[in-house]
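Notes follow the structure.
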Amino acid sequence: MRFQLLLISWLAAISNALNIMSLGDSIVGSGCWQAILWQRLNSTGLLQSKKIEFVGTLHSKQCGFAFDGDNEGHSDQLVTKVAEQNKVSEWLVSVESPDMVLMHFGTYDLLAQVSPKRILEAYTTIVEQLRKSNIYVKIFVAQILPIHSDACWNCNIKVKRLNDQIPSWASRLSKGDSPIYVVDQYDGYPSRNTIGGILPDELGDELFARKWYHAIVPHL
Ligand SMILES: *[C@@H]1O[C@H](CO)[C@@H](O)[C@H](O)[C@H]1NC(C)=O
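Under this note's numbering, think of the first position of the sequence shown as 946, with each following residue one higher.
Structure, rendered in structure tokens:
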């Protein structure tokens, strides 16, 4: 097992690409933020110099120009379901191991009245599954976007409760070889930049992409 892991890391080093996987629900999979992030990495030359590839079993919609839209943003998915059903391990079978993961997950759990505690337990399961695929994976976990849905009057209170617990969860799980970084996607995100109170609109996608960009660049 140990040998296999070493072999995999060695092969990853040879292929020399830096694989990034975005992971989450429709917030991750349905907008154009990844296109914006990709374009910024392209225009700053990092895409080429770091040989960045996005990996994932899904492919983003059209955003007006060609970009690398591979992702794991699964519409309406609950992170607790994904963890329970070992979905991440399943998806990882058919794509290259990510070196970096950008995870924004839990919105639909909160809409379904799942507790922040259970969401964090699901994050832990996913971290373990990601590390099985790459012991050196760097995991960027978002403090999630606000929810302003008429369907759930108290959801944003729960968003804050979840977000408040993410930093201590992350520092417990973070490791020297496989750090976990918290990316505050909530702070400064205006509630009006959403579709139905949940999905980012165009400006929301821009803000979302910008936060990811600034979070990952020092660690590329
Ligand atoms: C990506 O970068 C290249 C080289 O700078 C540029 O020619 C190209 O237009 C860029 N692509 C997009 C979609 O921005």
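Idealized CB from N, CA, C, for every residue including glycine.
Measuring only from the beta carbon, is residue i closer than 7 Å to any heavy atom that is part of ligand 1?
i     : result
F999  : no
Q1007 : no
Q984  : yes
F1153 : no
S988  : yes
F1085 : no
F1050 : no
A1115 : no
A1011 : yes
So residue i and residue j are in contact, right, with Cβ under 8 Å, and what is the actual spacing, rounded?
i     : j     : result
L1165 : L963  : 7 Å
L1118 : T1070 : With 8 Å as the limit, L1118 and T1070 do not qualify as a contact, their Cβ atoms being about 11 Å apart.
L1019 : G974  : A small correction: the amino acid at residue 1019 is His; Leu does not occupy that position in the sequence shown. Indeed they touch by this definition, with Cβ atoms about 6 Å apart.
Q1074 : I1111 : Rounded, the Cβ-Cβ distance is 18 Å, inconsistent with contact.
A1067 : V1086 : Going by Cβ atoms, the distance from A1067 to V1086 rounds to 12 Å, so no, they are not a contact pair.
L1107 : I972  : At roughly 14 Å, the Cβ-Cβ gap does not stay under 8 Å, so L1107 and I972 are not in contact.
S1123 : I1080 : 6 Å
What is the DSSP secondary structure of residue i, counted as helix, strand or coil?
i     : result
G969  : strand
T989  : coil
E1035 : helix
G1018 : strand
V1027 : helix
N1108 : helix
N1101 : helix
D1054 : helix
Y1126 : strand
A1096 : coil
A1011 : coil
E1041 : coil
L1090 : coil
L1165 : coil
I1143 : coil
Is it right to say residue i is buried, meaning 16 or more other beta carbons lie within 10 angstroms of its own, or is it exposed?
i     : result
S1042 : buried
V1027 : buried
Q1058 : exposed
D1095 : exposed
S989  : For clarity, residue 989 is Thr in the given sequence; the question names Ser instead. Classification for T989: exposed.
T1052 : buried
Q1130 : buried
V1072 : buried
S1078 : buried
V1104 : buried
I1125 : buried
Is residue i near ligand 3, in the sense that its beta carbon is under 7 Å from a heavy atom of that ligand?
i     : result
L1065 : By its list of ligands, the structure shown excludes ligand 3, since it contains just ligand 1.
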